[in-house]
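Novice: If you're matching positions, the sequence shown starts at 10 in our numbering and goes up one per residue.
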Amino acid sequence: MEADKLFSSIKSKFLKPVEKILVSDWSEKHLQLPQTSAEPGLWRRDRAPYQSGLMDAVCEGSVRKVSIMTSAQTGKSTICNAIIARYIDIDPCPIMFTQPTIQLAQRFSKEKLSPMISDIKVLSDKIIQAERNAASTILMKLFKGGLLSMSGANSPASLASMSIRLLLCDEIDKYPPSAGNEGDPVELAIQRTATFWNSKVILVSTPSIKGASRISDSYEKSDKRLFFVPCPHCGHKQHLIWERIQYPGKDTEDFNPDLGVYYICESCDQPIAESSKSIMVQAGEWIPTATAENPNHVGFHCNRLISPWVNWLDMAYDYEASKDDPLQLQVFVNSSLGLPFERNLGDSLDWEKLHERSLNSSYQRGQIPQDVLVLTAGVDVQGDRLEVSIWGWGRGEQSWLIDHHQILGDPLENEVWRQLTDVIAKDYKFSFRTSKCNMY
Ligand SMILES: [Zn+2]
């Protein structure tokens with residue numbers, strides 16, 4: 010009896026159970042969206058109801074791994090921030106948040122994390138005290154009961170620093186194949202969770218090319234949850250897909266020009282106006298569509314069709330502008346539809362013919378065909394990388410793509426520009442092989 014009393018006393022003092030507050034419930038009370046977001050202020054569940062399911066999966070008791078394959082502009086930064094913030098406040102533990110590069114991790118800390126901490130009192134009360142400790146840095150925040158480490162997939166040292174219970178890996182399709190010589194950065198980070206029986210791993214990304222997409226491969230192994238919304242006509246619940254969108258200019262005989270942009274219900278074939286989207290999404294729910302390889306692994310896929318921040322007409326414009334260019338079409342498929350790009354799906358591109366052409370071609374990547382007179386370099390500056398294309402130009406504006414480089418890193422830092430200088434300063438040599446003479 011005495012032992013029972015003693016245990017109860019210890020339990021009440023030291024084994025206080027973690028409050029079962031879902032991330033979405035916590036966010037409705039505390040999560041402030043920054044002034045730079047589309048809708049600053051307190052996060053609202055009803056604004057994008059699908060976000061709740063993405064946030065709360067981590068709170069499901071048996072779940073150990075969450076894979077989120079999503080388009081851009083569906084609020085995935087908000088989801089990651091909400092999960093981190095709720096854990097710091099309610100269930101403090103060692104947390105790691107991994108970005109494609111260490112520079113992006115620093116940028117996240119300065120531009121996203123610090124403002125969030127300042128805006129949320131329950132967090133700032135905890136973190137400020139820790140920041141007085143000399144151990145707190147831009148990439149490491151200490152708080153009562155845990156710490157938050159921000160790491161880069163290109164930095165094996167930052168991935169191997171400690172044991173962690175909560176791991177979030179953002180934009181994993183932009184991670185390098187190997188962190189230095191240490192191997193797959195996602196696996197390296199996951200290894201850090203091995204010592205915690207109650208660890209959680211959250212993988213998030215916009216997908217890239219099918220077959221080479223980490224998030225797509227991971228999602229395929231999960232229970233593949235989709236957000237089903239009811240048709241306003243027949244009530245049938247369905248996952249919205251791009252192929253059922255109708256819009257002016259679409260190459261189809263069935264289009265009704267009086268309706269503008271609309272969706273065709275997969276059950277009753279009735280047109281659904283975009284004005285119904287908000288009501289449909291409010292009544293939506295995440296439903297698993299597969300059996301996961303591991304029952305502790307859940308996965309989510311969503312696209313912009315259900316986003317309150319994107320309208321269907323803009324998506325139609327984007328599609329029409331990109332459909333004839335495989336590189337641009339890939340951006341649309343990845344960023345708008347949240348799907349991996351299957352290169353053989355583009356109607357405008359016959360890959361067999363291209364392959365045949367490449368076999369017969371007289372020039373190889375990085376080498377200059379003999380008809381080239383001048384080279385140009387075009388640089389597309391993205392938030393986390395530079396995309397560099399080297400083009401060769403001949404008479405009559407004939408052009409050849411000579412080379413393409415992706416330089417990962419923060420454009421506000423010097424490193425990517427130093428690497429760009431190396432790319433541009435590189436010697437590109439002529440190939441002397443011609444269609445008449447196989448001589449180099
Ligand atoms: Zn219907």
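Where a beta carbon is used, it is the ideal one built from N, C-alpha and C, also for glycine.
#1: Report the residue ranges of all beta strand (DSSP E) runs contained in full by the stretch 247 to 282; include only those spanning at least 3 residues, in chain order.
#2: Can you find at least 3 beta carbon pairs, one from the stretch 57 to 65 and one from the stretch 28 to 35, that sit closer than 8 Å?
#3: Taking the Cβ atom as the reference point for each residue, do Y96 and L175 lie within a distance shorter than 8 Å?
#4: Comparing the CB of H245 with every heavy atom of ligand 1, is any distance shorter than 7 Å?
#5: Drop a sphere of 10 angstroms on the beta-carbon of C277, count the other beta-carbons inside from all chains shown, and report buried for 16 or more, exposed for fewer.
#6: On the criterion of 16 or more Cβ atoms from any shown chain inside 10 Å, does L117 qualify as buried, or is it exposed?
#7: Report the residue from R352, V319 and R223 whose alpha carbon sits nearest the alpha carbon of P185.
#8: Out of curiosity, what's the CA-to-CA distance linking A203 and Q112?
#9: For S80, tell me which candidate among Q60, R73 and V72 has the shortest Cα-Cα distance.
#10: Helix, strand or coil, according to DSSP, for V319 in the structure here?
#11: In the DSSP assignment, find the unbroken beta strand (DSSP E) run with F236 in it and report its ends.
#12: Determine the direct distance from the alpha carbon of D393 to that of D436, and round the result to whole angstroms.
#13: Can you list, in chain order, the residues of its chain whose CB lies under 7 Å from that of S133, leaving out five sequence neighbours each side?
#14: What are the boundary residues of the beta strand (DSSP E) that includes G155?
#15: Between which two residues does the beta strand (DSSP E) carrying E294 extend?
#16: Could you check how far apart the C-beta atoms of A162 and P194 are, in whole angstroms? I think they sit under 8 Å.
#17: Could you tell me if F439 is buried or exposed, where buried requires 16 or more neighbouring beta carbons within 10 angstroms of its beta carbon?
#18: What residues in its chain sit with their C-beta under 8 Å from that of S331, if we drop five residues either side in the sequence?
#19: Pull up the DSSP beta-bridge partners for L211, would you.
#20: Hey, is C68 close to ligand 1, as in C-beta under 7 Å from one of its heavy atoms?
#21: May I have a chain-ordered list of the alpha helix (DSSP H) segments no shorter than 4 residues that lie completely inside the stretch 50 to 98?
#22: Take E120 as the anchor and find which of K153, S86 and L382 has the nearest alpha-carbon.
#23: For G461, count neighbouring Cβ atoms within 10 angstroms of its own Cβ and tell me buried if that reaches 16, exposed if not.
#24: So what's R313 in DSSP terms, helix, strand or just coil?
#25: Within the continuous alpha helix (DSSP H) that includes Q337, where are the two ends?
#26: With DSSP run on the structure shown, which of helix, strand or coil describes K286?
#27: Got a sec? Which residues, its chain only, sit under 8 Å from D327 by beta carbon, not counting five neighbours each side?
Specialist: Considering the structure as presented:
#1: Within the stretch 247 to 282, complete beta strand (DSSP E) segments of at least 3 residues are found at 271 to 273 and 280 to 282, given in chain order.
#2: Because the criterion of three Cβ pairs below 8 Å is met, the stretch 57 to 65 and the stretch 28 to 35 touch.
#3: yes
#4: With a cut-off of 7 Å, the C-beta of H245 is classified as near ligand 1, since at least one heavy atom of the ligand falls inside that distance.
#5: exposed
#6: The residue you asked about is not Leu; residue 117 is Phe in the sequence shown. Counting Cβ neighbours within 10 Å, F117 comes out buried, since at least 16 surround it.
#7: R223
#8: 27 Å
#9: Q60
#10: coil
#11: Membership of F236 in the beta strand (DSSP E) is indicated by the continuous run R234 to P239.
#12: 26 Å
#13: I126 and S127
#14: Run containing G155: G155 to G161, per the beta strand (DSSP E) assignment.
#15: E294 to P297
#16: Taking 8 Å as the upper bound for CB-CB distance, A162 and P194 are in contact here, some 4 Å apart.
#17: Around the beta carbon of F439, fewer than 16 other beta carbons sit within 10 angstroms, so the residue counts as exposed.
#18: Q337, L338, V340 and F341
#19: The question names Leu, but residue 211 in the sequence shown is Ile. Partner(s): V75 and L177.
#20: Outside the cutoff, so no.
#21: Fully enclosed alpha helix (DSSP H) runs of no fewer than 4 residues occupy 59 to 65 of the stretch 50 to 98, in order along the chain.
#22: That would be S86, whose Cα lies nearest to the Cα of E120.
#23: Because the chain is modelled from 10 through 449, residue 461 falls outside the range shown and cannot be assessed.
#24: R313 falls in the helix class under three-state DSSP.
#25: P335 to V340
#26: helix
#27: F341 and S345
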